[in-house]
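If you read the sequences in order, they're chains A, B, C and D.
Take any residue in the first sequence, count from 1 to its spot, add 70: that is its number in this note's numbering.
Take any residue in the second sequence, count from 1 to its spot, add 70: that is its number in this note's numbering.
Take any residue in the third sequence, count from 1 to its spot, add 70: that is its number in this note's numbering.
Take any residue in the fourth sequence, count from 1 to its spot, add 70: that is its number in this note's numbering.
Glycine is no exception: its CB is placed at the ideal position from the N, C-alpha and C atoms.
All values reported here derive from a predicted model rather than from experimental measurement.
Protein chains: 4
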Amino acid sequence: MLTNIRTTRIEWGDCDPAGIIFYPRYFEIFDVSTTMLMEHALGMKKIEYLKAYGIAGHPVLETRAKFRLPTRFGDEVSIESALVHCGRSSFKIEHRLTKAGALAAEGAETRVWVVRDPADPTRMTSQAMPPEVVARLTHG
Amino acid sequence: MLTNIRTTRIEWGDCDPAGIIFYPRYFEIFDVSTTMLMEHALGMKKIEYLKAYGIAGHPVLETRAKFRLPTRFGDEVSIESALVHCGRSSFKIEHRLTKAGALAAEGAETRVWVVRDPADPTRMTSQAMPPEVVARLTHG
Amino acid sequence: MLTNIRTTRIEWGDCDPAGIIFYPRYFEIFDVSTTMLMEHALGMKKIEYLKAYGIAGHPVLETRAKFRLPTRFGDEVSIESALVHCGRSSFKIEHRLTKAGALAAEGAETRVWVVRDPADPTRMTSQAMPPEVVARLTHG
Amino acid sequence: MLTNIRTTRIEWGDCDPAGIIFYPRYFEIFDVSTTMLMEHALGMKKIEYLKAYGIAGHPVLETRAKFRLPTRFGDEVSIESALVHCGRSSFKIEHRLTKAGALAAEGAETRVWVVRDPADPTRMTSQAMPPEVVARLTHG
């Protein structure tokens with residue numbers, strides 16, 4: 071199973087007047103982790119693999135998260151991400167964010183592989199992932 | 071059932087290099103809608119009701135969202151929010167974001183009423199909502 | 071002189087643990103005001119005028135701001151923006167953000183009209199603004 | 071002179087539909103660098119030094135920035151920050167952000183040391199920095 075672990079720090083500007091992280095920031099953190107997971111699997115930076123595979127991106131179709139412990143500015147956190155399912159044109163990633171070993175937040179997201187519609191470049195349509203990509207994601 | 075409808079516009083800075091909204095921004099939009107719903111129910115601005123009820127806030131415990139249609143900068147969207155459950159110290163809100171009448175995104179969140187721990191103001195603990203608040207949320 | 075006035079509200083998620091707006095949010099507010107000023111002048115939404123004029127955008131080259139009074143979540147603010155200079159490929163906009171009539175923040179920004187480099191679409195180069203655009207910006 | 075150097079990466083969610091960083095994100099980057107500079111000088115995390123010195127923060131009074139080269143998602147950047155002036159209750163920091171050695175963005179900010187007004191905790195007033203803080207900032 072493809073996994074990625076990274077650490078980051080919750081910053082002053084991530085926190086709200088209650089002094090804890092403003093929860094949409096967790097999804098920004100998860101998005102960075104997904105990028106890193108994909109870059110690691112595909113052996114290229116995102117800006118490169120978008121071009122190499124001719125895609126517009128892999129936007130989120132569906133997501134859910136639970137916030138178990140508050141995090142505050144200055145907290146060092148670790149995010150462990152894993153690809154838990156890989157379909158034809160979509161894949162699912164789960165994230166676990168811990169603080170000093172304790173689970174603080176967990177998230178899951180389903181993403182879809184999309185290309186720009188040739189007839190209308192402002193539109194995007196899902197597309198089957200190339201076999202090479204599926205292989206790299208599943209035999210990571 | 072307590073509901074709130076508002077409109078907003080997706081802006082350039084909300085969008086990513088694919089030209090569509092960066093999905094964490096939807097949670098920022100939902101958070102504003104929840105604030106408005108609560109302000110409407112309680113008859114006070116958030117900064118006032120935090121003080122009036124002595125709470126640190128009502129952070130999100132759990133959330134999920136589905137993104138059905140992409141939105142782009144310049145899109146006028148409507149967000150309809152409804153309080154769908156009210157417990158002792160938590161409540162659940164659902165949001166439906168539409169673009170030209172079509173459902174583009176939907177979200178649900180469970181929030182908890184929290185006070186600062188008197189023994190340690192950096193800690194927060196859940197607390198039963200005052201009966202007046204429950205009444206206003208449920209007979210809104 | 072081309073001007074635009076709009077109102078917005080400082081939200082919970084815009085504020086930091088000190089309870090006041092996290093200052094980078096002011097630049098997000100100014101960016102929206104610039105979009106509105108340009109849309110008003112050019113008679114098209116930004117997504118439309120980027121396409122109509124074949125540009126990648128009008129990124130900021132230089133900016134400065136002074137923050138005179140703190141703003142807090144729930145504050146209704148007004149932003150008055152004016153185009154104060156229009157050159158060949160760049161223009162300058164000034165913003166004044168007021169709260170209950172008092173000047174809370176002011177900003178100035180110089181932007182440049184850019185197209186994607188045909189030889190390398192990931193690169194952008196400045197270009198003279200079309201006479202029609204200059205006319206609309208200066209005789210707005 | 072007190073200085074700090076750190077590296078970070080421009081991420082997908084920091085970039086706009088032109089594919090380059092949305093400029094308010096630079097101020098978020100600079101804010102993190104200032105936190106790190108202060109933490110290094112004072113030998114404590116921000117959450118600790120706010121408490122130790124009884125302050126609400128050190129908000130920005132004035133800032134300016136020049137953006138010389140665009141940065142894109144995946145770019146590794148280095149930010150060098152220096153305290154260039156220290157007054158009685160305010161101080162000035164300059165930032166230089168480079169990409170592969172080339173200056174991409176530079177910023178300067180003046181910040182003020184503030185405490186909550188005892189008569190009204192929602193108000194903040196500037197206060198002289200403790201001699202120990204001045205000593206640490208200037209003999210860093």
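Under 7 angstroms from the C-beta of residue i: neighbouring residues of chain C
| i | result |
| --- | --- |
| B:W82 | D101, T105, K116 |
| A:G89 | P87 |
| D:A126 | A88 |
Closer than 8 angstroms to chain G by CB, residue i
| i | result |
| --- | --- |
| D:G144 | The structure shown contains no chain G; the protein chains it does contain are A, B, C and D. |
Proximal chain B residues relative to residue i, where beta-carbon distance stays under 9 angstroms
| i | result |
| --- | --- |
| A:L131 | K136, F137, R138 |
Residue i - containing alpha helix (DSSP H), residue span
| i | result |
| --- | --- |
| B:K115 | It is not in any alpha helix (DSSP H) - B:K115 carries neither H nor E in the DSSP assignment. |
| C:A205 | 201 to 208 |
With 16 other Cβ atoms within 10 Å as the buried cut-off, status of residue i
| i | result |
| --- | --- |
| A:V102 | buried |
| C:R142 | buried |
| C:K121 | exposed |
| A:D190 | exposed |
| D:E202 | exposed |
| A:P173 | According to the sequence as given, residue 173 of chain A is Leu; it is not Pro. Exposed. |
Minimum C-alpha distance to residue i - residue among the options
| i | options | result |
| --- | --- | --- |
| D:A175 | D:P87, D:M71, D:P94 | D:P94 |
| D:R186 | D:L139, D:P129, D:E179, D:R206 | D:P129 |
| C:R181 | C:S196, C:H209, C:E118 | C:S196 |
| C:H159 | C:G127, C:G171, C:E150, C:R166 | Correcting the residue identity first, residue 159 of chain C is Ser in this sequence and not His. Ranking the options by Cα distance to C:S159, first place goes to C:G127. |
| A:L153 | A:E146, A:L112, A:T208, A:Y119 | A:T208 |
| D:F77 | D:C156, D:G83, D:E109, D:R166 | For the sequence presented, residue 77 of chain D should be read as Thr rather than Phe. Nearest C-alpha to D:T77: D:R166. |
| B:L131 | B:V184, B:N74, B:A198 | B:V184 |
| C:K116 | B:Y96, B:G157, B:E146 | B:E146 |
| B:V204 | B:Y96, B:H155, B:I91 | B:H155 |
| A:N74 | A:I91, A:F92, A:F100 | A:F100 |
| C:K162 | C:F92, C:G113, C:L107, C:I91 | C:L107 |
| A:F137 | A:E118, A:Y119, A:I91 | A:I91 |
| A:M194 | A:Y96, A:G113, A:I125 | A:I125 |
| B:G157 | B:G113, B:E118, B:A198 | B:A198 |
Contact under 8 angstroms by Cβ, residue i with residue j
| i | j | result |
| --- | --- | --- |
| D:P188 | D:Y123 | no |
| B:G144 | B:R79 | yes |
| D:A178 | C:T133 | no |
| B:E81 | C:T105 | yes |
| D:S148 | D:T168 | yes |
| D:G83 | A:E109 | no |
| A:A111 | A:L72 | yes |
| B:P87 | D:G89 | yes |
8 angstroms Cβ cut-off: residues of chain B touching residue i
| i | result |
| --- | --- |
| C:E176 | Correct list: empty, because the minimum Cβ distance to chain B is about 20 angstroms. |
| D:P94 | G83 |
For residue i, the first and last residue of its enclosing beta strand (DSSP E)
| i | result |
| --- | --- |
| C:L131 | 130 to 137 |
| C:M194 | 190 to 196 |
| C:C85 | Looking at the DSSP string, C:C85 is not in any beta strand (DSSP E), and its letter there is neither H nor E. |
| B:L153 | 146 to 156 |
| C:G177 | 172 to 182 |
| C:I163 | 160 to 169 |
Beta-carbon neighbours of residue i, restricted to chain C and to distances below 8 angstroms
| i | result |
| --- | --- |
| B:E150 | Within chain C, no residue comes near B:E150; the closest Cβ sits about 18 angstroms away, beyond 8 angstroms. |
Cross-chain neighbours of residue i in chain A, by beta carbon under 9 angstroms
| i | result |
| --- | --- |
| B:E98 | F92, P94 |
Contact set between residue i and chain A, taken where Cβ atoms lie within less than 8 angstroms
| i | result |
| --- | --- |
| B:M194 | A88, I90, P140 |
Any non-hydrogen atom of the ligand ADP closer than 7 angstroms to residue i Cβ
| i | result |
| --- | --- |
| B:E179 | The ligand ADP is not part of this structure, which contains no ligands at all. |
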